[in-house]
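Residues in the sequence shown are numbered from 3 upward in steps of one, following the working numbering.
Note that CB positions come from ideal geometry on N, CA and C, so glycine has one too.
Computed from a predicted structure; not experimentally measured.
Here is the structure we will look at, set down as structure tokens.
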Amino acid sequence: MMGTRKRSVITEETALNQKGRRSRGTSKPHERRLYSWDEIPEWQKDNEHILHGYVKETQSWRELIRSLFYLHNESVNIYTHLIPAVSILLIMLFATHHVINEYPTTSAIDYIMIDLFFLGCATCLSMSSIFHAIKCHSLPIATFGNKLDYLGIVVLISTSMISILYYGFHDNSYLFYPFSALTSMFGFICGYMSLKDKFRSREWRPYRAAMFVIFGLSAVFPIVAGSFVYGVDETWERVQLKWIIWEGVLYIFGAFLYGIRIPERFAPGVFDIWGHSHQLFHVLVVAAALCHLRGLLGAYAGTHAKLSQ
């Protein structure tokens, strides 16, 4: 009987060991495991000062979705844009009338122009969030996501400029339509260059960057034109230039931090999960969008205050 019990114990132990081996063999290789800079494939390497916290190339949509629910070095990038994007969409769909103070002269075009900015902002932030969420899947998917990210930037710049131009030149179609057309043209060119693989090559990078810079600086042209037509002080009020300047400062400062990798370049590994330059850039982009919204609502209020007199 002792021999029978011994064989029984050995059999149970063997079964448990086999079960453990099967369990280990079917465990998810990427689930909640983070990798270092040296462990990720070359195509995933972008910032050498971020040393840990990577989700290694998954080649799996299931593992990608799982990664949304644990903390890694892209989590803050994802949610600093996803949460504002969803909030903006909800406001646009259900609460725009709470954002706009109505005047006797308020019309549907006002809601269209302000919702245009909301839509552009939500598009940019959501595309950025999608890119950071899917970039761990594979190189082709990451490349596609990066195209969406750039396209979202184009949409935000275009809708921001057209919406503020409407109120700056609400009484002058000779200024509003040409400058809106110029903005749309630059937006189309930058969007095309962002999506076409030819223009995403290394040799075209300086030209692509130059087009985005020109696109952003093209906002100066209508301000100069407005200053000649209305004078500097009135143009300042019409387009709420104080808030537009703050918007530009925040965008440029964020891009500066991102471009030179501050603060992580001074302490590699310290800001892997929290506080690195790309995350700061995301926060500053949201702050800049809020500045534009403040300026847009101020321009709307100023326009209708005059029309109601």
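Pick from the options that is closest to residue i, judged by C-alpha positions
i: residue 254; options: 291, 272, 175; result: 291
i: residue 301; options: 216, 70, 238; result: 238
i: residue 279; options: 42, 49, 113; result: 49
i: residue 196; options: 275, 79, 145; result: 145
i: residue 157; options: 296, 171, 119, 224; result: 119
i: residue 283; options: 251, 304, 297; result: 251
i: residue 88; options: 220, 132, 216, 242; result: 132
i: residue 69; options: 36, 262, 210, 230; result: 36
i: residue 128; options: 151, 66, 214, 141; result: 151
i: residue 178; options: 228, 44, 258, 261; result: 228
i: residue 52; options: 286, 81, 39, 43; result: 39
i: residue 310; options: 109, 243, 66, 72; result: 109
i: residue 261; options: 211, 181, 86; result: 211
Paired residues, beta bridge with residue i - DSSP
i: residue 37; result: 56
Cβ-Cβ separation, residue j to residue i (assumed contact under 8 Å), whole Å
i: residue 60; j: residue 306; result: With 8 Å as the limit, residue 60 and residue 306 do not qualify as a contact, their Cβ atoms being about 52 Å apart.
i: residue 274; j: residue 54; result: 5 Å
i: residue 206; j: residue 78; result: With a Cβ gap of about 31 Å, residue 206 and residue 78 do not count as contacting.
i: residue 112; j: residue 94; result: Incorrect: roughly 14 Å between the Cβ atoms, too far for contact.
i: residue 90; j: residue 123; result: 6 Å
i: residue 44; j: residue 58; result: Their Cβ separation, rounded to whole angstroms, is 12 Å, which puts residue 44 and residue 58 out of contact at 8 Å.
i: residue 297; j: residue 114; result: Wrong, their Cβ atoms sit about 18 Å apart, outside the cutoff.
i: residue 201; j: residue 159; result: Not a contact, Cβ separation roughly 17 Å.
i: residue 288; j: residue 82; result: 7 Å
Cβ neighbour criterion (16 or more within 10 Å) applied to residue i
i: residue 198; result: exposed
i: residue 64; result: exposed
i: residue 56; result: buried
i: residue 1; result: The chain is shown from 3 up to 311; residue 1 falls before or after that span and cannot be answered.
i: residue 99; result: exposed
i: residue 281; result: buried
i: residue 222; result: exposed
i: residue 104; result: exposed
i: residue 163; result: buried
i: residue 183; result: exposed
i: residue 268; result: exposed
i: residue 245; result: buried
i: residue 32; result: Residue placement at residue 32 cannot be trusted, given a pLDDT of 43 that sits under 50; what the coordinates show is reported in the next sentence. Flag for residue 32 reads buried.
i: residue 241; result: buried
i: residue 137; result: buried
i: residue 130; result: buried
i: residue 174; result: exposed
i: residue 189; result: buried
i: residue 271; result: exposed
i: residue 142; result: exposed
i: residue 29; result: Caution applies to residue 29, whose pLDDT of 39 falls short of 50 and renders its modelled position unreliable; the value that the coordinates give is listed next. Its Cβ having fewer than 16 others within 10 Å, residue 29 is exposed.
i: residue 80; result: buried
Residue-chain proximity (residue i, chain D), Cβ-Cβ < 8 Å
i: residue 248; result: Absent here is chain D; the protein component of the structure consists of one chain.
>> If we require 4 or more residues per run, which alpha helix (DSSP H) segments fall completely within the segment 227-271?
In response: 234-240, 243-262
>> Ignoring anything shorter than 3 residues, give me the beta strand (DSSP E) runs that lie fully in the segment 67-125, in order along the chain.
In response: none
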